[in-house]
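Some notes on the structure that comes next.
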Amino acid sequence: MQKVEQFKPDVIIIGSGLAGLTAAMEVTNAGKKVLLVDQETEENLGGQAYWSFGGLFLINSPQQRRMGIKDSYELARQDWMGTAGFDREEDYWPRQWAEAYLKFATEEKSAYIAKLGIKLMFMVGWAERGDGSASGHGNSVPRFHVSWGTGTGVVKPFVDKAYAAQEKGLLQFRFRHRVTALLTQDSTVIGIAGDVLEDDNKARGVATNRTILAAFAYYADQVVIASGGIGANHQLVRENWPERLGKAPAQMISGVPAYVDGKMIGIAEEVGAHMINRDRMWHYTEGIENWNPIWPNHGIRILPGPSSLWFDARGNRLPAPYLPGFDTLGTLKHLQETGFSYSWFILTQKIIKKEFALSGSEQNPDITNKDYTLFLKRIFGKNAPGPVEAFKEKGADFIVSDNLKDLVAGMNRLTGDDLLDYEAIKSQIEARDREVDNKFSKDTQVNYIRNTRNYRGDKLGRVAALHKILAPENGPLIAVRLHVLTRKTLGGLKTNLQAQVLTKDDEVIKGLYAVGEVAGFGGGGMHGYRALEGTFLGGCIFSGMKAGQHIASLPKAPSAEEM
Numbered sequence: 169m170q171k172v173e174q175f176k177p178d179v180i181i182i183g184s185g186l187a188g189l190t191a192a193m194e195v196t197n198a199g200k201k202v203l204l205v206d207q208e209t210e211e212n213l214g215g216q217a218y219w220s221f222g223g224l225f226l227i228n229s230p231q232q233r234r235m236g237i238k239d240s241y242e243l244a245r246q247d248w249m250g251t252a253g254f255d256r257e258e259d260y261w262p263r264q265w266a267e268a269y270l271k272f273a274t275e276e277k278s279a280y281i282a283k284l285g286i287k288l289m290f291m292v293g294w295a296e297r298g299d300g301s302a303s304g305h306g307n308s309v310p311r312f313h314v315s316w317g318t319g320t321g322v323v324k325p326f327v328d329k330a331y332a333a334q335e336k337g338l339l340q341f342r343f344r345h346r347v348t349a350l351l352t353q354d355s356t357v358i359g360i361a362g363d364v365l366e367d368d369n370k371a372r373g374v375a376t377n378r379t380i381l382a383a384f385a386y387y388a389d390q391v392v393i394a395s396g397g398i399g400a401n402h403q404l405v406r407e408n409w410p411e412r413l414g415k416a417p418a419q420m421i422s423g424v425p426a427y428v429d430g431k432m433i434g435i436a437e438e439v440g441a442h443m444i445n446r447d448r449m450w451h452y453t454e455g456i457e458n459w460n461p462i463w464p465n466h467g468i469r470i471l472p473g474p475s476s477l478w479f480d481a482r483g484n485r486l487p488a489p490y491l492p493g494f495d496t497l498g499t500l501k502h503l504q505e506t507g508f509s510y511s512w513f514i515l516t517q518k519i520i521k522k523e524f525a526l527s528g529s530e531q532n533p534d535i536t537n538k539d540y541t542l543f544l545k546r547i548f549g550k551n552a553p554g555p556v557e558a559f560k561e562k563g564a565d566f567i568v569s570d571n572l573k574d575l576v577a578g579m580n581r582l583t584g585d586d587l588l589d590y591e592a593i594k595s596q597i598e599a600r601d602r603e604v605d606n607k608f609s610k611d612t613q614v615n616y617i618r619n620t621r622n623y624r625g626d627k628l629g630r631v632a633a634l635h636k637i638l639a640p641e642n643g644p645l646i647a648v649r650l651h652v653l654t655r656k657t658l659g660g661l662k663t664n665l666q667a668q669v670l671t672k673d674d675e676v677i678k679g680l681y682a683v684g685e686v687a688g689f690g691g692g693g694m695h696g697y698r699a700l701e702g703t704f705l706g707g708c709i710f711s712g713m714k715a716g717q718h719i720a721s722l723p724k725a726p727s728a729e730e731m
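Throughout the sequence shown, residue numbering follows the numbering used here, covering 169 to 731 in sequence.
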């Protein structure tokens, strides 16, 4: 059994994703020692955040003010609480975390990330546009700030800090170390035990082997769980699927690598940790199969603008507020009630060029690689971004045609269900197109497109000018089959505001912390039932920061020489 002999850590952090790296940075900044363990290879340092689009939720930021967006803590709190829908006794700590995070996003977050060198793009995106009510779900204003560098740009400063701490002798990595148990003594967590896995030379994100070479046990005064959620474990997703969202989909694709398996949740429960809000989760309805997959069952989410026409599997146009980019879980519930786990976008080349973005650092080479020339082509070019055009050409879910009849025939061939009636779809699109003829309309989607282009960011780079779908000059026509894509765990291990893990009776488990997605990004579910987007990365940073700062403030345990 391997043991740490020379290096005596003050804290062990399980998981080298964004939350774990943030905690490590705060602890080592205070001169304390960190042992960072991860079941994956060094190639995967940065975890799931590396693959993200890099969106960060900020309130009344300099970028918002420059874009003419009037935001405030009060408005953001109204949006958050209307979205979260906290309604359970166990929501006490999630509420506390939500309040704390809103203040952080208003007062400190912009300066915190700027100090690390994270730069944000000038345009602020408008995600989760809501359910149509002022006090209900959704963002009242654009708050989705994309890092110049996507997720890689957010992760890099924390990775650099970890390597710098390693050079100073304050941090050591233990990759290919899978934790299987938390070690306790007198109801206090004192260390970890598990398996040393065989090394693997696979590229980042590719599933690695689980061949066991040896056992290990490491000890420290504090242990931080930063192991992520359950998104790649479809069995756990289905076991926890809430009845309110209908029946769990028969088929889903994965928006996260295979290592996001949720196994540390059960391991923490074995020492008394309380997992709450298991049924709260965040999955997307705009998933497409990756034609060039990296991890098993790899799916990509379309980040849609508001113009595509959305149809269920039988060809019925989705009603408001179930429009592209408006209400993720509301749309998921609506679609599950149809009895099918897939749906359709029908759109034009003008829409795909302007409005389709694909989630993921690898799908946005212009922003990820900080390529200004390529980015300008995204905004002003004749075609959609290269990765989008590649999906249009090679993706199994894309159908392109110069006429609607052939398009619908291709949609029926793709599914084999033969559920779509050409005349019915044609009638619905023609009805929508008639609403474009004058500036008055009763079509909610048409009115919203007109309204949203009053915002400079949407008009410049996100929302196509209103046009008729069936007009030949706007073609070709494009249909996209959409799948349910697993992503985020909104429930988690219950923690107090220092990120200390709590029991069912709200007692602190001494020596144990949880941060990031495994803690529902704080408290066991600070988002409640739904998220406002841009809050995954920020939640990892905030919870990691809180745990790291608290651990850093604790008296340093005396060394053997001092005793």
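For every residue, glycine included, the Cβ atom is placed at its ideal position computed from N, Cα and C.
| Query | Result |
| --- | --- |
| Exposure of Y218, with buried meaning 16 or more beta-carbon neighbours within 10 Å | buried |
| L226 beta carbon near the ligand FMN (any heavy atom closer than 8 angstroms) | Annotation note on the ligand FMN: not contained in the displayed structure, which lists no ligands. |
| Boundaries of the alpha helix (DSSP H) in which W248 is found, first to last residue | 241 to 252 |
| Reduced DSSP secondary structure (H/G/I, E/B, other) of T356 | strand |
| Check whether L680 and L638 have beta carbons under 9 angstroms apart | no |
| Cβ-based burial, S422 [other Cβ within 10 Å; buried from 16] | buried |
| Start and end residues, alpha helix (DSSP H) containing Y616 | 612 to 620 |
| Distance between Q207 and M291 (C-alpha atoms, nearest Å) | 37 angstroms |
| Terminal residues of the alpha helix (DSSP H) in which T320 lies | 318 to 335 |
| Span separating the alpha-carbon of M289 from that of I462 | 27 angstroms |
| For A191, three-class secondary structure by DSSP | helix |
| Proximity below 9 angstroms, CB of G483 to CB of K656 | no |
| Closest residue to F175 among T356, Q264, Y387 (Cα-Cα distance) | Y387 |
| Of the residues V357, V347, W265, the one placed nearest D178, counting alpha carbons only | V357 |
| Supposed contact pair R546 and P555 - C-beta distance, whole angstroms, cut 8 angstroms | Wrong, their Cβ atoms sit about 10 angstroms apart, outside the cutoff. |
| Whole-angstrom distance between I380 and R256, CA atom to CA atom | 42 angstroms |
| Beta-carbon spacing of E457, L471 below 9 angstroms | no |
| F225 in three-state terms, based on DSSP | strand |
| Spatial neighbours of V798 in its chain, beta-carbon cut-off 8 angstroms, leaving aside the 5 residues before and after | This structure leaves residue 798 out entirely; the chain is present only between 169 and 731. |
| A728 (DSSP reduced to helix, strand or coil) | Low confidence applies to A728: its pLDDT is 41, below 50, so where it sits in the model is not reliable, and the reading given next is rough at best. Helix at A728. |
| Burial state of A192, where buried means 16 or more other Cβ atoms lie within 10 Å | buried |
| C-beta contact flag for N408 and G688 at 9 angstroms | no |
| Nonlocal neighbours in the same chain, by C-beta distance under 7 angstroms from R618, ignoring five residues either side | L634 |
| 6 angstroms CB neighbourhood of T352 in its chain, flanking five on each side removed | V439 |
| Rounded straight-line distance, which links the Cα of L645 to that of G690 | 44 angstroms |
| Reference V392; option with closest CA among V686, G706, L705 | V686 |
| Terminal residues of the alpha helix (DSSP H) in which L542 lies | 540 to 548 |
| Environment of Y331 [buried if 16+ CB atoms lie within 10 Å] | exposed |
| Euclidean distance between Cα positions of Q328 and L575 | Here residue 328 is Asp; the residue named in the question, Gln, does not match the sequence. Approximately 49 angstroms between the Cα atoms of the pair. |
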